[in-house]
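Shown next, in C-alpha cells, is the structure this report addresses.
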Amino acid sequence: MKVRASFARTAALGLALAAFGTVSAQGLLDALNEAVEDPTLPVTATFKDTRIVNVQSNETPAEGVLHFVIAHRFGTLNSGAYELWGLDNAQMRMAFDYGVTDRLAVGVARNTYQKTYEASIKARLLRQSTGPDAFPVSVTWYSVAMANGLKAPTDVTPYYFTHRLSYVNQAVIARKMSEDLSLALVPSFVHRNYVQTTEDAHDLWLVGVGGRYKLTQRLSINGEYHHYLTQQFEEGFSPSLSLGVDIETGGHVFQLHVTNARGMFERSFLAEPAGSWADGSLYFGFNLSRVFTIKS
Amino acid sequence: MKIFLSTMLLASASFASAQQFMTRSGQVHFFSETAMENIEAENAQMSGLLDASNGGFAFQVQMRAFHFEKALMEEHFNENYVESEKYPKATFQGSIQDWDDAWKDGESHDVVATGSFDFHGVKKERDIAGTLTWNGKGWDIETRFPVALEDHKIEVPAVVKDNIAPVIDVDVNATLDPR
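From first to last, the protein sequence lines are chains A and B. The letter at position 106 of the first sequence is residue 106 when you use the numbering used here, and the numbering goes up by one with no holes. To convert a position in the second sequence, counted from 1, into the numbering used here, add 296.
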C-alpha cells in the first residue's frame, strides 16, 4: 500500500506537470475567471447627449463638467424660397448645464423664442447596470421652471411675474437594449400659470417615447414622440414628433433634426408645438454641444 | 484503483494550489503622448495567477475599470475605441521563459513572458520583458510594454489622429500572494 501511494504521488506529479506544460495557460485563465467575480457596472452612454432630440435623455454631465449647448430651429420648411425654406428665420437656445455630482446636474438657459429663461435640475435616481447586481433601467428626474420674458401684454391686467411662469416635471425611464439600440419612456407633467384662453388647460399630462439607433460608432438616428393624455386640443393639432441624427466628433455632439416643435424648452415642445407633420410646417434645427471639464 | 485515482487527484490538487500566486489589485497604467495632448488612464483591478511550478501565468483587466482624467475620455475609450461591451476584458496568458523557482533570493530578475495577448478581440503572440522579485511571501512583477492600436484593430478617426498616439505605453505593477 505504501509503495502504491508513493507511486501514485509520483504519477500525479508527472501527470500534473505534463498537464501544466501543455494546457497550463488556458487552465490558469479559467481558474482566474472563477476566482474573480465580474463587478457590477453602471451602463454608460445610453444616449450620446443629455437630450434625445428635444426631450431630456437619462444622461447628465459628469461631476465637474460644464455642458454647453447652442441650438437652433429654423423657420418652417414649407415657408418657400423667399424665406429660403426657413433658414432666414432662426430661433436660438443657449444652455449651460453643470454636473454637481455624477448624479446631479443644474442648468440655466435662454431662448430667443418668447425670450424664455429656464432653470433646471436633473438627477439620476437609478442607473441601469450589469453584473451580479444588475438593474434593468435607468431612471432620471428632470424639473424645469420657465419664465416668459416678452413685454407684458396690454390686454391682460393685472399681469404679474407669476403669469410668466410655467413648470415641467418628468421622469426619463431609459434602457440601453443593446449596444446599438436605446429606448426611453418619458412621462411628463406640464403646468402653465397663465394660458391664452379659458379652453386651455393649466395642467397637462403626456407620455413620450424616444430612442436612438446607432448606425456607426459615431452616428445614430434619434426620434421622439409625445402623446397627450389630457384632452384639450382643437382638431388638427399635431403632437410633438421629432426625428434626427446624432454625429459625434471628439468633444462635440451635433444633433440635426426635423421637428414640429417651434420652441426648444419643455413647455413649448410638449404643450405648444406650433407646426404639423401633415402639412409640412416643420422646423429643421440642430443642437451643438461641447463639454468643458471645470474640475477634475 | 479507486484509491489510486483519488489519491492522484488530491495530490495534484494540493500540489497545484500550493504553487499558485494571485493578485486582484494589480496596477495598470497607460499613456498616450502626442504634441496635441497627453491621455492617460489607471486601473487598479488587474487580476492575475502565476503557477510557480512551471512559470505559467494568466492576467486579465476589465476595460471598464480604466479611469481617465476626463469623463468624456472614459466614455469615448469604452464606447468608440476598445468597445468594452463587446470586449470587456484584455488578457495575457502564457509562461515565463526559462522559469526558475529558485529565484527566491530577493533580487530582481529580468524575465521574458511569452504568451497570447488578447485585446479588443485580437490575439497577438507577444514576448514581454519585465522584472520579477521575490518579496519573501510572493512575487512582485513590473513591466512596461508598447501596444500598437493598429495591431488590435482599434480605429482612430482622422479628426483625432493627432491627439492619440498610434502606439500606447502600458505599465504594469502587481504583487502576487500565495493563493
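The beta-carbon is built from N, C-alpha and C at its ideal position, and this holds for glycine as well.
At least 8 Å separates the beta-carbon of G208/A from that of G223/A. DSSP, reduced to helix, strand and coil, places R267/A within a helical segment of the structure shown. Taking each of D423/B, K457/B, K400/B in turn and checking the Cα distance to G432/B, the smallest one comes out for K400/B. Between S321/B and chain A, the shortest Cβ-Cβ separation is not below 8 Å.
Interface criterion met: the Cβ of E179/A is under 8 Å from a Cβ in chain B.
When secondary structure is reduced to three states using DSSP, F47/A falls in the coil class, being assigned neither helix nor strand.
In this structure V65/A touches G99/A by the C-beta definition: roughly 5 Å separates them, less than 8 Å.
Interface residue (Cβ-Cβ distance to chain B less than 8 Å): P132/A is not classified as such. Distance from the Cα of F413/B is smallest, within the candidate group L368/B, T471/B, A386/B, M332/B, for A386/B. For V443/B, same chain residues with a beta-carbon under 6 Å away, outside a window of 5 residues either side, are I464, V466 in chain order. Burial check for Q393/B: the Cβ neighbour count within 10 Å stays below 16, so the residue is exposed.
Fewer than three beta-carbon pairs drawn from the region 147 to 155 of chain A and the region 171 to 189 of chain A are found closer than 8 Å, and the two stretches are therefore not classed as touching. Judged by their CB atoms, P42/A and R127/A are nearer to each other than the 8 Å cut-off. Judged by DSSP in its simplified three-state form, F362/B adopts coil rather than helix or strand. The C-beta of P39/A comes closer than 8 Å to at least one C-beta of chain B. Straight across, the Cα-Cα distance linking D97/A with A367/B is about 15 Å.
Annotated as distal: S182/A and Q170/A, with beta-carbon spacing of 8 Å or more. M369/B: member of the alpha helix (DSSP H) spanning 367 to 372, first to last residue.
Within the region 386 to 418 of chain B, contact with chain A at the beta-carbon level (separation under 7 Å) is assigned to T387, Q389, G390, S391, G411. Contact between N260/A and S238/A holds, since their C-beta atoms are separated by about 5 Å, short of 8 Å.
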